[in-house]
Each structure stands twice: as structure tokens, then as C-alpha cells.
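One structure is given here, and the rest of the page talks about it.
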Amino acid sequence: MKAVLVFFEGLRADGHRDRVVPSTGFTATLTTLTAGAMAFLIVFALALSFAASRLSDRWADALQGTATIRISAPADQMNIQVERVLAILSTTQGVDAAKALTVEEQQALLEPWFGPDIPLSNLPIPRLIEITQTDDGFDAQGLRLRLSAEAPGAVLDDHMRWRKPLVQAAQRLTWLGALAIVIIAMTSAAMVMLAARAALAANAQVITVLRLIGANDAYIVAAFVRRFASRAFIGAVIGVVAGAVVVLFLPAETANASILTGLRFQGADWLWLAIVPPALACVAFVATQLAAQRVLGDLS
Amino acid sequence: MKAVLVFFEGLRADGHRDRVVPSTGFTATLTTLTAGAMAFLIVFALALSFAASRLSDRWADALQGTATIRISAPADQMNIQVERVLAILSTTQGVDAAKALTVEEQQALLEPWFGPDIPLSNLPIPRLIEITQTDDGFDAQGLRLRLSAEAPGAVLDDHMRWRKPLVQAAQRLTWLGALAIVIIAMTSAAMVMLAARAALAANAQVITVLRLIGANDAYIVAAFVRRFASRAFIGAVIGVVAGAVVVLFLPAETANASILTGLRFQGADWLWLAIVPPALACVAFVATQLAAQRVLGDLS
Amino acid sequence: MIELENVAYSYGGGELLSDMSLSISSGAFYFLTGPSGAGKTTFLKLCYGALVPTVGQIRIFGNDVRSMSRDDVAVMRRRIGVVHQDCQFIDHMSVQDNIALPLAVSGNKTLAEDANIKELLAWVGLTKRAKAFPPELSGGERQRAALARAIIMSPDVILADEPTGNVDWEMSERLLQLLLELNRMGKTVLIASHDLSLIRSAKSQVQARVLRISNRRLQLAGANL
Amino acid sequence: MIELENVAYSYGGGELLSDMSLSISSGAFYFLTGPSGAGKTTFLKLCYGALVPTVGQIRIFGNDVRSMSRDDVAVMRRRIGVVHQDCQFIDHMSVQDNIALPLAVSGNKTLAEDANIKELLAWVGLTKRAKAFPPELSGGERQRAALARAIIMSPDVILADEPTGNVDWEMSERLLQLLLELNRMGKTVLIASHDLSLIRSAKSQVQARVLRISNRRLQLAGANL
Ligand SMILES: Nc1ncnc2c1ncn2[C@@H]1O[C@H](COP(=O)(O)OP(=O)(O)OP(=O)(O)O)[C@@H](O)[C@H]1O
Ligand SMILES: Nc1ncnc2c1ncn2[C@@H]1O[C@H](COP(=O)(O)OP(=O)(O)OP(=O)(O)O)[C@@H](O)[C@H]1O
Ligand SMILES: [Mg+2]
Ligand SMILES: [Mg+2]
Chain A
0 MKAVLVFFEG LRADGHRDRV VPSTGFTATL TTLTAGAMAF LIVFALALSF
50 AASRLSDRWA DALQGTATIR ISAPADQMNI QVERVLAILS TTQGVDAAKA
100 LTVEEQQALL EPWFGPDIPL SNLPIPRLIE ITQTDDGFDA QGLRLRLSAE
150 APGAVLDDHM RWRKPLVQAA QRLTWLGALA IVIIAMTSAA MVMLAARAAL
200 AANAQVITVL RLIGANDAYI VAAFVRRFAS RAFIGAVIGV VAGAVVVLFL
250 PAETANASIL TGLRFQGADW LWLAIVPPAL ACVAFVATQL AAQRVLGDLS
Chain B
0 MKAVLVFFEG LRADGHRDRV VPSTGFTATL TTLTAGAMAF LIVFALALSF
50 AASRLSDRWA DALQGTATIR ISAPADQMNI QVERVLAILS TTQGVDAAKA
100 LTVEEQQALL EPWFGPDIPL SNLPIPRLIE ITQTDDGFDA QGLRLRLSAE
150 APGAVLDDHM RWRKPLVQAA QRLTWLGALA IVIIAMTSAA MVMLAARAAL
200 AANAQVITVL RLIGANDAYI VAAFVRRFAS RAFIGAVIGV VAGAVVVLFL
250 PAETANASIL TGLRFQGADW LWLAIVPPAL ACVAFVATQL AAQRVLGDLS
Chain C
0 MIELENVAYS YGGGELLSDM SLSISSGAFY FLTGPSGAGK TTFLKLCYGA
50 LVPTVGQIRI FGNDVRSMSR DDVAVMRRRI GVVHQDCQFI DHMSVQDNIA
100 LPLAVSGNKT LAEDANIKEL LAWVGLTKRA KAFPPELSGG ERQRAALARA
150 IIMSPDVILA DEPTGNVDWE MSERLLQLLL ELNRMGKTVL IASHDLSLIR
200 SAKSQVQARV LRISNRRLQL AGANL
Chain D
0 MIELENVAYS YGGGELLSDM SLSISSGAFY FLTGPSGAGK TTFLKLCYGA
50 LVPTVGQIRI FGNDVRSMSR DDVAVMRRRI GVVHQDCQFI DHMSVQDNIA
100 LPLAVSGNKT LAEDANIKEL LAWVGLTKRA KAFPPELSGG ERQRAALARA
150 IIMSPDVILA DEPTGNVDWE MSERLLQLLL ELNRMGKTVL IASHDLSLIR
200 SAKSQVQARV LRISNRRLQL AGANL
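Chains A, B, C and D are the protein sequences, given in the same order. With numbering that gives the first Met the number 0 as the guide, the letters of the first sequence map in order to residues 0 to 299. With numbering that gives the first Met the number 0 as the guide, the letters of the second sequence map in order to residues 0 to 299. With numbering that gives the first Met the number 0 as the guide, the letters of the third sequence map in order to residues 0 to 224. With numbering that gives the first Met the number 0 as the guide, the letters of the fourth sequence map in order to residues 0 to 224.
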């Protein structure tokens, strides 16, 4: 309860009280500069993290979207089976579109391996149906069961073999990005805390004088908390802006490097930056409050 | 010249002079803690950077290692052409090994598309030769020219189409890792500088007293420089060790996620960690020297 | 106002002050003397609650110091004006703001007191230095500023530790007049000083009692000055 | 030793000190008086090169202060012992170490001087407090420690700013004896003080000259004390 009162007392502006804490000098700028440097780092951690998660999204999208059904059947049965499989697919949840490949398309697929002259039309080769999945994907196991019951010549290949390592790689990238941001955010909080405490230690005389002339603890704590929290906020705003400007001026993604997105923030990502200054100000607020109360505890 | 003298004067141990700078108290630990936190971050930046570069190396290796030659020829000419191509390859620089695929191997390649029953042996399909490149790779253009002259039915496919975006992605990952480490290292240097200056500002009285009783500038600067540089060094050692321990305890790379290497340092990477403490100590050294000289400049 | 009962104090080594009993009554004028290091400053610190006695009881305005909360101590200090021996100020605020600080801190900022500050500054001879910063003051000016800050709240008790250690004879006479004036208005005054001529001068104008710390004990010095 | 020629000094506003000429000769004993804020501390700062005159010339040990390098000033200060009005110490070093600091700083640490420190501590009455830290000292003890630190290097000139402002009469007599002793050994002594009885006591034992700052000028006070 008392802490809450101190909190609100801390946010009420008071001209005289604000002047009690020095507004210039080196120890005064320590909190600002630290919050600035840390906000700058956090911007990069965010940028890295978003880039990693975009990259992994793209990989997942690119791979997860497709599957293939291969139908082997005697020549006269072939078209019936293809029809039947397409019918099954049209009622399968998670299948966005299904399309039987034409002979020319199948030939194009094989070209890298056999050149353009392979006489496919004369061969009893299987037909391929390409499936585009919806975002949720379909139940491969269920589909396999239905296919084996209704179209025994059809084999589903959901490309799992190719997909798995890349999806794992993408997940790990996202995870690394998140780890980086957690570690940088935690270190930043520690640094801002450290700076606030150091600035407070350098202002021990102000606290002593105030206590001696009869200021109560809430007044003293509030004077420092307001100043330091606002300094951390201002510093963090400067740091975020500087970081954002640098990120903006980084080489943009080149057109053909589409598989890896650039480091720039995109769309709503920018909003995350707005959280950084209040967060660092809160850290400074709490750190100053604790440190001031500790210094005061030593004064009778 | 004078700066050099001050440098060596700064590193000479002197019991009394060392005691002149407080060894305890909050502002005293500021430099240590800052260097520690920053070294901790640098360890992660290094880990990220190494992981990115290993990842991109693997991608490049996996893709760059192979190429294929497809030979289409009348059935009777086929074996002669294959022999001739293999002969050409054996004298081509940058080709590590070349091997004609057997019919079974070609069948296995096609299986995903056509099932196991495709009657390849009866077909006039081209033969494939798999090439393993050396690290340097071969000159694809030159090889194509030779092939078109000596074995007109052979077509070289160096997988460039598939490779390019992935190699670019890998390069970009390495570049991001390097960017992260440069930014974190620069911010760390700035923070250590800031901490040293703040600690010095808090010790202004010591400087004033020393100047008043007749200590010359070299003595005063040396006293602070030694202390702060060694504090930064100790803090950085602690930070590096803490960071290394955390990195060690991160989940190791799982066996099947082989495409993305883990965050752990490997082999000689560990040596890089040894550079961090001396580097931060140097930053503290220079920062303290400059700051002390500035404070002294204000004292008559 | 301030009552000590069998009070003893020690900083950790042997006892510095032992077995002191005293009742400082309202409106009295005291001097406190004793050799350097005898414990005068320590005694004053006990009187304004900065130190808690190791033995015995101290009551300030009727409250036992041991039972006071931190905020009680803060409020109590607004009723006791203290001139510290090593006067500390807030170095980035002007002398005038420093002197007015107790008003701001206790929330009693009114125009009447604004006029009061001007008068007070004139009395301690700091009108010209009102806009200066504390580190720019001379030793005597600091002491005078500290005295002004101590009495701006018009406290019930004034404790002054060597308030004239760095000022010349004329100025210390002038400051004494100020303190005598306040005493006449009913304030209790206790001055720690080793300036015998100041004590003599005061004794000729007011019925001042002289306390002496010797052999770790508080003694009432008689007319033997 | 220290020569002033038409020196004036101003902190930025009007001139605080004007047109002062003086030659402090070796082995002399000076007192400096003047009202609080007259510029005594400023005058002493000019004498040990902490301030450079705005007008005129000051030569210390024959060197013009304006032409001295920073290291020259440092070396010169080892020959001038100064007791500052607001004595500052290195708070995390013991009193004894603080007093010995000038020796360490100038590289003259020998055993002989170690014995010297003990003797000096005894003389200023700080033997028992030798291991204490400066913030634990009483006001008078600080001043005595500052005096001990000023004379440990056995300097040619001793400048003391109110060295007895916080000590009782007996102790100030004792400190005066120490300074007189040093003066007899040939050291030049200059004491800024407003303690008239101290000045009188000194005049009865040595041929002391009394300088007075009034109306921004330096005057030699005659026998009119
Ligand atoms: N914080 C402290 N810790 C330990 N000892 C202390 C502390 N403060 C003061 N002392 C010691 O207690 C003794 C009394 O100190 P005090 O300041 O009360 O003396 P005083 O009578 O005011 O002397 P002065 O006239 O020199 O100011 C001194 O010897 C001093 O060294
Ligand atoms: N750094 C400064 N900047 C501006 N004015 C200053 C500065 N230092 C001192 N003064 C002013 O110069 C005047 C003389 O100061 P000085 O300290 O020399 O006086 P003093 O004779 O030593 O007085 P006291 O006996 O009170 O110590 C004072 O009015 C003081 O306010
Ligand atoms: Mg005292
Ligand atoms: Mg002075």
C-alpha cells in the first residue's frame, strides 16, 4: 500500500522537488547514456529476431504448402483413379487445391535428370497430382488411409523427408533470435539498474542534506525516482531512434535474395520499438526506488 | 612520447599508489560490473556469429560439392561417351571425383516421382555422372566448352539454379552475425568507457586532494588507469566465464538437426573468448586516461 | 523539550559519553564547551535524533527517540534547526534556494516566508551572495548560510555546532544577536563553541547556562568563566 | 620566497582584491586577518598557485606562476605546506596514511620519516585516532590532521587557513607552539585567522607581522592589535 502511494507521489510533478536532483554533470547523464546505448542494442536484437522469424516463416511456408500423390495403374484404369483421387481430395479438409499434372508438366519435372527427349507418353509411368495445402495443412495419416481404401494405386508423398530438417533449422533460427533478445533485454535492464544506482551513489550528499533538514523518505525517493525514470525514458527514446535510423539505412534486401528477408522492420514490427522506452523507464524507476531506500536506510 | 611513458608508468605496480583509489564501494564496482555484463553479451554475440558462419559454411559445402553431367546418346554410343566424359573430368582441375550412376541409382532418384516400378532399363534415357568438386570448385564455363567439343551429347548441370538463393541466404546470415558482433562490441566499448568516466567523476575528491598535496599528473593518472583497467579486466573475465558456462548449458544440437549447428563454441572458437578481457581492459585504460586528464585539466 | 536520562554513547570502542542526564527546558539558552574530540558534536547528534544512545533514554518533544519511526524523525527535525559543524549544501542550487529548502521540503511555501528569506539573508550578510552556489562561498559565508537555513522554519529549538568558527569577531557578535533575539521570542538555543569571548558576551546579555563535557560526563559550569 | 607585484584578482564579478604588493621573506611569521568574505582564502590560493592573478605578477620561489607548467606547480607544492579551510582527505585511507600521503606522492618514503609521523601525530594529539578514517574525526581533529599533513614534508613555507577555527584554546596554543617551533627552524609561516587572542599570543613570542585585507587591499596592521 505504502509502495503504491510512493509510486503515485513519484509521478506527481513538483517544480522545487525536481530541482533537488542535479540536472547536469557527468553522473547525471550516466543513466541517459546507458539507457540510450541499451535501447540501441535492443533495437538490433529485435531486428535480428524479427528477421529470423520472418526467414523461418518463409521456409515453412515454401515447404509446407505442397504435397504430391503418385498414381500407378494400368493405362485404362488411370483416368478413373485420377478422378477418384481428385474427388477424395476435394472433400479432404486442409486441401486448398489439387491438380493432376499434364504429361508436359511431368516431362519438365524430369528434365534436369534426363534431358528434354525422354518419350514419356509411350511409358506406363505413374501420374502425379499436386496438392496445395491450406495454412492448417491436412491430416496425412487420415488421407493415406482413405486413399488405400478407395484408390489402391495412389501413394501420398507429403515431402516430409525434405521438409523436416529445414523446418527444424527455421525453428532454431527463431529460437536463437528470441534468445538474443531475452539476453540483451536482461543485460540492458541490469545496466540501467547499475547506472541508476551509480548516479544515486554519486548524489549521496543530496540525500544526506535532504534527510538532515527534515524531508521524509517519500519526498526524497520521489525526487530521484522521477528524475532517473524520465532520464532513462529520454535516453531510451534517443537510443531507439538512433537504432531505427541505422536499421533503416542498412542495405535493403536485394530482389533476388528473396529467401532471406532483410534486417528492416516491417509493418507492425515497428510498434515493438515503442515498448522499449517505457520498459527501460520502469526498470530505472524500480532500481532507483530500491537503491534510494537502501541509501536512506543507512541514514538515521 | 609522453603518452608512452605514462602508459608504462601506468602498468608499474606501486603499493601505495594503488591504495589511493578506493577498492570498495558502489562506484568502485561499477566498472567491474559493466565490463562483466558487456563481456557476457559479447560471448553471445560471438556464439551467434560463429553459429551463423558454421551454418552458412555447411550450406555452401552441401550445395557446392556436387554437379551432374547428363549424357544423351544412341545406345551403342553411350558407353563410349561416358568413358570420354570421365576421362575429361579426370583431367579437369577442381574435380575431386566423378562417377557414373548405375541404373539402380538412377531409378532411386526418380522414385519419388514415378514409384519403384518404372522400367528404366528398357528406355533410351540419358546416363548421369555425379561430380564431387574440390573446395575451389571447377571452371564450369571451361568444362562446358570442352564437353561440347569432345562429347556433344553431354550437358553439365552445376545446380546453380538451386544453389544461388541458398548461398546468398547463408552469406547474409554470416553478415548478420558479423554485424551483431560489431554493434555489440562497439556498444560494449562505449559502456565500459562510460562506466570508467562515471567512476572517475565519483572520485573527483581523490584527484583534488592528490593535486593539492603535490602529486604530478602522471602519478594521478597512473593510479586510476591501473585500477580501472584491472577492474575492467577482472569484470570481463567473470562475464566471459559466465557467458561461456551459459552457452555450454544451452541445449546441444540434436542429432537430426544437422543442417543447423548449435550455439556452442567449437574448437578454436574458444580462443576468441580470450581476446575479450584484454580488449575491454584496453578500452578502460584509454577511457580512464582521457577522462583523468580532462578532470585534471580543470584543476589548477 | 529535550530530556536525557542516564544517557551513554559509544562509537564502538570505549564509551565516549557516559551517564548524562539533562532536561533542556523551553526558552533556555545553553552553551556547550569542551576540548576538541570530547563529544560535543556527538552530544548534539543525540539531541536531534541522528544518533540513538547506547544506554539510557532520550525524549525529544516528549517522544522517546527509540520509538520514533523514520517519518516521525523527519517531522521532528522540522522543529529543530541545526547548524552542522561541516555545513553541507546541495551544491547545484543557489544559496537562496538552499536556505529556503526546508520550507519546500515541508511544503510550507508561502509569500510571507519569501520576504522572510530576504530579511534573513540581510541579517547574516549574504544578500549579495544569494545567487551564488555553495562551493563559491567563503568558509564564514557557508557557516552563515547554514545558520540561516537552520532558522528559516522558525523552529522551537536551535542547535548550533561551532557557528562562529570561521567568522570574525564582529560577525560573530552579529550572529549572537540574532540568536539572542530568537531566544527572546521563546526559542530554545544550544550552542557548541569553544569561543570563550562569545560565551562571555552572551552571558552579559542573557541568562545563559554553560555545559561542559569533561571526563566523558556533562557538567554544568558555574560562574567560573 | 613569494613575491606579489601589483596583483589583483576577480572571480568574474568586480575585483575582489586589488593592487597588492608584498614580498614574503624567508623565515618570516605572518598573520592574515580581515572580515569574513574579504578574500583571505583567495589570497592564500594565489600564494600557492591554485589561482592565477587577473592582473600583476606573482613569483613563487623565483618562478612566475604564469610560466609554470603543471608539473612545476606540483613540485612547487611539495615545498609549500597548506592547511585548507575545508580540509579534504582521501576518505578510504586511515588518518595516518592521509598524513603520510605527501611523502608517498613525492616518492620520499623512508623509515626516518615513519618515526616522524608518530611524533607529529603525538604533537597534534591524534595518536589514538591514527587508524581512524577521516569521516570519523571530529571537526577539530580534522584540522589537526590537515596541519600534520601540511608539515610532514618539512616544507619551506607553511600556509594555514583558519587552522584553529574548530579547536579549543589549549589546543590552539599547542598548535601555535608547533608553528613557532617550525618558524624557529627557518620555515616561513603565514596564518589566516580571525582569532585575535591567538595573534596576540603569537606576537608575544615572535616578531609576527599582521596583514589585513580591507577595502580589497592588503595592509600591514601596526601595533594596533
Ligand atoms: N563516526 C564515528 N566513528 C568513530 N568515532 C567517531 C565518529 N565520529 C566521531 N568519532 C570520535 O568521537 C570523538 C568525539 O567526536 P565529536 O565530533 O563529538 O567531538 P567534538 O567534541 O565535536 O570535537 P570538536 O570540537 O573537534 O568538533 C572524537 O574522538 C571522534 O574521533
Ligand atoms: N569560486 C568562486 N567563485 C565566485 N566567488 C567566489 C569563489 N570563491 C570565493 N568567492 C567569493 O569571494 C569572496 C572571498 O572569498 P574568500 O574565501 O577568499 O573569503 P575569506 O576571506 O577566506 O572568508 P572567510 O573568513 O569567511 O573564510 C567571498 O565573497 C566569496 O563568496
Ligand atoms: Mg564537533
Ligand atoms: Mg576563507
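C-beta: ideal position from N, C-alpha, C; glycine also.
Inter-residue distance for Ala-184 of chain A and Ala-201 of chain A is about 26 Å (C-alpha atoms, whole angstroms). Taking a Cβ-Cβ cut-off of 7 Å, the neighbours of Leu-195 of chain D in chain C comprise Trp-168, given in sequence order.
If you draw a straight line from the Cα of Leu-146 of chain D to the Cα of Val-81 of chain D, it is about 8 Å long. Within the region 122–201 of chain B, the complete alpha helix (DSSP H) runs of at least 4 residues fall at 139–149 and 159–201. Listed by position along chain D, the residues whose Cβ is nearer than 9 Å to that of Asn-165 of chain C are Ser-35, Gln-84, Glu-161, Gly-164, Asn-165 and His-193.
Within the same chain, Cβ atoms closer than 7 Å to the Cβ of Leu-32 of chain A are found at Gly-234, the five residues on either side in sequence being excluded.
For Gln-218 of chain C, the enclosing beta strand (DSSP E) begins and ends at 216–220. The shortest CA-to-CA distance from Ile-237 of chain B to any of B:Ala-36, B:Val-19 and B:Pro-21 is the one to B:Ala-36.
Residues of the same chain with a CB within less than 7 Å of the CB of Leu-217 of chain D, apart from the 5 flanking positions on each side, are Met-19, Leu-21 and Leu-210 in chain order.
By the Cβ neighbour-count rule, Asn-215 of chain B is buried, with 16 or more other Cβ atoms within 10 Å of its own. Interface residue (Cβ-Cβ distance to chain B less than 8 Å): Arg-196 of chain A is classified as such. Of all residues in the region 173–188 of chain A, only Leu-175, Ala-179, Ile-182, Ile-183 and Thr-186 come within less than 7 Å of chain B when Cβ atoms are compared, listed by chain position. The residues Val-64 and Arg-65, in chain order, have a CB closer than 7 Å to that of Val-51 of chain D in the same chain once the five nearest residues on each side in sequence are set aside. Partner residues in the beta bridge of Glu-4 of chain C, as assigned by DSSP, are C:Gln-56.
Taking all protein chains shown into account, Phe-49 of chain A has 16 or more neighbouring C-beta atoms within 10 Å of its C-beta and is therefore buried. Under the 10 Å beta carbon count, Glu-169 of chain C is surrounded by fewer than 16 other beta carbons and is classified as exposed. Along the region 40–60 of chain D, the positions whose C-beta sits under 9 Å from a C-beta of chain C are Thr-40 and Thr-41, read in chain order. With contacts defined as CB atoms closer than 8 Å, Thr-30 of chain B and Arg-230 of chain B qualify as a contacting pair. The beta-carbon of Gly-213 of chain A is placed less than 8 Å from the nearest beta-carbon of chain C. Cβ contact annotation for Asp-268 of chain A (same chain, cutoff 8 Å, sequence separation greater than five): Leu-45 and Phe-49, in chain order. Burial check for Met-184 of chain D: the Cβ neighbour count within 10 Å stays below 16, so the residue is exposed.
For Ser-192 of chain C, the CB stays at least 7 Å from every heavy atom of ligand 3. Residues whose Cβ lies closer than 6 Å to any heavy atom of ligand 4, listed in chain order: C:Ser-137, C:Gly-138, D:Lys-39, D:Thr-40, D:Gln-84 and D:Asp-160. The contact set of Leu-47 of chain A on chain B, defined by CB atoms closer than 7 Å, consists of Leu-175 and Ala-179 in chain order.
When C-alpha distances from Ala-131 of chain C are compared across D:Ser-24, D:Ala-27, D:Gly-36 and D:Ala-207, the shortest belongs to D:Gly-36. Of D:Ile-116, D:Arg-148, D:Ile-89 and D:Arg-141, the smallest CA-CA separation from Arg-76 of chain D is found for D:Arg-148. According to DSSP, residue pairing for Asn-62 of chain C in a beta bridge involves C:Ile-59.
Below the 7 Å Cβ cutoff, chain A contributes Leu-29, Leu-32 and Thr-33 as neighbours of Leu-193 of chain B, in chain order.
For Val-205 of chain C, there is no enclosing beta strand (DSSP E), as DSSP marks it with neither H nor E. Taking 8 Å as the cut-off, the beta carbon of Ile-128 of chain B is found closer than this to the beta carbon of Thr-67 of chain B.
Judged by their CB atoms, Arg-69 of chain A and Asp-156 of chain A are nearer to each other than the 8 Å cut-off.
Taking 7 Å as the cut-off, the C-beta of Gly-164 of chain D does not count as close to any heavy atom of ligand 1. Per DSSP, the continuous alpha helix (DSSP H) segment holding Gly-138 of chain D begins and ends at 138–150. Contact check for Thr-23 of chain B and Ala-198 of chain B: beta-carbon distance about 12 Å, past the 8 Å limit, so the pair fails to qualify.
With its beta carbon less than 8 Å from one in chain C, Ser-299 of chain A belongs to the interface.
Contact of Val-205 of chain A with chain C by beta-carbon distance below 9 Å involves Ile-89, Asp-90 and His-91.
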